[in-house]
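Counting from 858, one number per residue, gives the positions in the sequence shown under the working numbering. We treat Cβ as the ideally placed atom computed from N, Cα and C, and that holds for glycine. If you're wondering where the values come from, they're calculated on a predicted model, not measured in any experiment. Take a look at the structure set out below.
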Amino acid sequence: FPYTTLFRSYGEDHPEMAKVYNNLGVAHRDHGRLPEARENYEKALEIKTKHYGEQHPSVAATINNIGVVLEEERRYDDALDKYRSALMIYMNCYGENNPRVAAMYSNIASVKKKKGLWSEAEKNYQKSLAICKAVLGEEHPETRKAYQNLAQAALRSSMSNIDSSVDISTSNYTTTPQKKKKPFESPGLKDKNGVSTKSSLFSKIKTSGFSKIVDQAKQKLATGKSSKSNINNSSFISSPGLPDSKSARDD
């Protein structure tokens, strides 16, 4: 068995064993065994930190992988801490304009989205998209995914703003008397000035600013479906905010 061979050859604390533990973590996560995945990632992190120090890209990759597991366990605040730690390491190593930095912004946005913080998710997706456009180009599959993620977040953020701006208390709205209506047509709501709330909502949606983002996303996706992400140490690192992404293996 390769694990036994490597263990006997290198010992427990050798960097090659960190690769083994990381890849075992990937395998456990792929099969839904999240506690086992996290345990193996943490072993890999301990070895990598010992040999490479805290500010190394390989350390950041494993910290991110732990964050992915925590996110899937719905431990969102803990996941955010890991993603932010990985983000800072990548920025220190590569600067702002790097695909790994873009992936971390996308991961942070993914957690914000799941917490219902759509405005914050939108801001982080914007940062991810800007890096993808600058580094990978407009036509890269990851850039198209970034457009798609931002469009969704912008839409939900705009809808949240509209919901909070419309007062639907009984003092402002009255239900119009029901008349004979077409099948499946619901009675309309009007505000105290007699203006249809449905028309008011759509008017606000049209001017809310997200339509441009949605149109851009549609244009990017119209050229064809994005291919499944190939996640490894030379590409994006374990980004649940990007469709079909996986944890990073150590090769």
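Own chain, CB closer than 6 Å to residue i, minus 5 neighbours either side, in chain order
i           : result
residue 985 : 959, 962, 963 and 1003
residue 982 : 966, 1006, 1007 and 1010
residue 869 : none
residue 878 : 897, 900 and 901
residue 937 : 968
Nearest-angstrom Cβ-Cβ length linking residue i and residue j, presumed shorter than 8 Å
i           : j           : result
residue 916 : residue 905 : 5 Å
residue 921 : residue 940 : 7 Å
Neighbourhood of residue i by C-beta distance below 8 Å, restricted to the same chain and skipping five residues each side
i           : result
residue 950 : 912, 913, 914 and 917
residue 988 : 953, 954, 955, 956, 958, 959 and 962
Residue i and residue j closer than 8 Å at C-beta
i           : j            : result
residue 967 : residue 1014 : no
residue 935 : residue 944  : no
residue 929 : residue 881  : no
Residue i classed as buried or exposed, judged by whether at least 16 other C-beta atoms fall within 10 angstroms
i            : result
residue 1063 : Low local confidence applies: a pLDDT of 44 at residue 1063 is under 50, so the model's placement there is unreliable, and no value is given.
residue 894  : buried
residue 900  : buried
residue 999  : buried
residue 931  : exposed
residue 873  : exposed
residue 972  : exposed
residue 889  : exposed
residue 910  : exposed
residue 1026 : Residue placement at residue 1026 cannot be trusted, given a pLDDT of 45 that sits under 50; what the coordinates show is reported in the next sentence. By the neighbour-count rule (16 or more Cβ atoms within 10 Å), residue 1026 is not buried but exposed.
Contacts around residue i, its chain only, beta-carbon distance under 7 Å, and the 5 residues preceding and following it disregarded
i           : result
residue 885 : 893, 894 and 897
residue 919 : 879, 898, 901, 902 and 905
residue 990 : 1000
residue 948 : 958
residue 993 : 956, 999 and 1000
residue 997 : 989
residue 942 : 920
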